[in-house]
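Asks: Protein chains in written order, with full-length UniProt numbering: chain A, 1 to 129; chain B, 1 to 129.
Number of protein chains: 2
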Amino acid sequence: MTTQPIDINTALDGFDAIWSPRIITNVNDYDIRIAKVKGDHVWHVHESTDEFFLVLDGELDIALREPDGERVVTLRKDSVFVVPRGTFHKPSSHAGAHIMVVEPIGTLSVGDRHEEVPSYVDVTTGHRV
Amino acid sequence: MTTQPIDINTALDGFDAIWSPRIITNVNDYDIRIAKVKGDHVWHVHESTDEFFLVLDGELDIALREPDGERVVTLRKDSVFVVPRGTFHKPSSHAGAHIMVVEPIGTLSVGDRHEEVPSYVDVTTGHRV
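#1: In the DSSP assignment, the alpha helix (DSSP H) including A/Leu12 goes from what residue to what residue?
#2: Quick check on this structure: which residue in B/Val37, B/Trp43, B/Val55, B/Gly86 has the alpha carbon closest to the alpha carbon of A/Arg28?
#3: Near B/Ser79, what residues of its chain come up, given a Cβ to Cβ distance below 7 Å and the 5 sequence neighbours on each side ignored?
#4: Please decide whether B/Leu108 counts as near chain A, where near means a Cβ-Cβ distance under 8 Å.
#5: Taking only beta-carbon positions, decide if residue 134 of chain A is within less than 8 Å of chain B.
#6: So if I threshold CB-CB distances at 9 Å, which residues from the segment 87-116 of chain B count as touching chain A?
#7: Should B/Ala95 be labelled buried (16 or more other beta-carbon atoms within 10 Å of its own) or exposed?
#8: Taking 8 Å as the cut-off, does the segment 59-74 of chain A touch the segment 46-61 of chain B (at least 3 CB pairs, one atom from each stretch)?
#9: Beta carbon of A/Pro91, beta carbon of A/His46: below 8 Å?
#10: Given a threshold of 16 other Cβ atoms within 10 Å of its Cβ, counted over all protein chains shown, does A/Tyr30 qualify as buried or as exposed?
#11: Given that A/Val72 touches chain E, what residues does it touch there, using C-beta distances under 9 Å?
#12: Return helix, strand or coil for A/Leu108, following the three-state DSSP convention.
#13: Rounding to the nearest angstrom, what Cα-Cα distance links B/Asp57 and B/Met100 in this structure?
#14: Would you list the residues sitting across from B/Gly69 in a DSSP beta bridge?
#15: Please find out if some non-hydrogen atom of the ligand SAH comes closer than 7 Å to the beta-carbon of A/Thr107.
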């Protein structure tokens with residue numbers, strides 16, 4: 001845990017990789033992660049944890065497979081959303097976005113089950129900034 | 001947990017009370033809270049949890065009582081900071097700020113131990129938006 005405040009924009013300037021979350025700090029056993037995203041992530045599910053999203057810049061779509069069918073929620077800048085545990089979802093961003101994610105330390109960016117991962121999507125529990 | 005994205009600015013428009021956090025959503029057993037702050041909060045400590053701060057707008061000072069003495073960290077817009085569990089701290093904002101806080105459900109806004117609470121500071125585990 002850092003002893004000084006961290007500027008999110010400076011941290012974002014420090015990497016270019018998409019779908020490759022950076023851990024900027026921790027609160028208890030949770031990661032605060034930031035990521036640059038563009039195009040499609042993969043369908044995946046976290047069986048044992050919710051996943052919190054905050055859009056810092058741009059626009060993020062999250063497709064969700066729910067009991068009643070599939071739907072897409074669109075998060076604009078300064079919007080938040082929580083994907084409940086057990087819900088298959090696929091984030092995507094046509095024009096690109098910067099996001100913050102809150103989830104337990106060790107949570108895999110592609111979930112516990114997922115479709116085939118294209119080469120541009122990192123399989124990670126988060127990189128340290 | 002809401003099933004639609006929440007716009008933080010709309011949520012902020014919904015209340016005026018300072019030092020009176022609103023719970024906008026939950027991730028597992030954690031609250032995502034937003035608050036309007038201005039002037040001084042009270043010195044307090046959370047014995048068993050860290051506390052994550054993100055400044056959405058304005059500037060937030062957090063005074064900290066550490067083993068080596070007292071210091072103040074200043075968080076500008078888009079900065080984050082985590083107050084470690086067990087550290088007495090006092091947030092304040094001369095000109096006012098909007099902040100997001102992440103901490104376990106039930107965490108008291110004035111901590112487990114605190115100085116006398118002035119009337120403008122709410123003693124709360126967060127209000128629902």
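Backbone N, C-alpha and C fix where the C-beta goes; we use that ideal spot for every residue, glycine too. Computed from a predicted model, the values in this text were never measured in an experiment.
Replies: Checking against the coordinates, here is how it stands:
#1: DSSP places A/Leu12 in the uninterrupted alpha helix (DSSP H) bounded by 8-13.
#2: Checking the sequence, you will find Asn at residue 28 of chain A rather than Arg. The shortest Cα separation from A/Asn28 among B/Val37, B/Trp43, B/Val55, B/Gly86 belongs to B/Gly86.
#3: If we look at B/Ser79 and ignore the five residues flanking it on each side, its Cβ neighbours are Val55.
#4: Not one chain A Cβ lies under 8 Å of B/Leu108.
#5: Not covered by the structure: residue 134 of chain A. The range shown for chain A is 1 to 129.
#6: The segment 87-116 of chain B vs chain A, Cβ under 9 Å: Met100, Val102, Glu103, Pro104.
#7: Exposed is the call here.
#8: Verdict: no, contact absent.
#9: Result no, Cβ atoms of A/Pro91 and A/His46 do not sit closer than 8 Å.
#10: Under this definition A/Tyr30 is a buried residue.
#11: Absent from the structure is chain E; the protein chains it does hold are A and B.
#12: DSSP places A/Leu108 in coil when its eight states are reduced to three.
#13: Their Cα atoms are separated by approximately 10 Å.
#14: BP columns for B/Gly69 point to B/Glu66.
#15: The model depicted lacks the ligand SAH and carries no ligand whatsoever.
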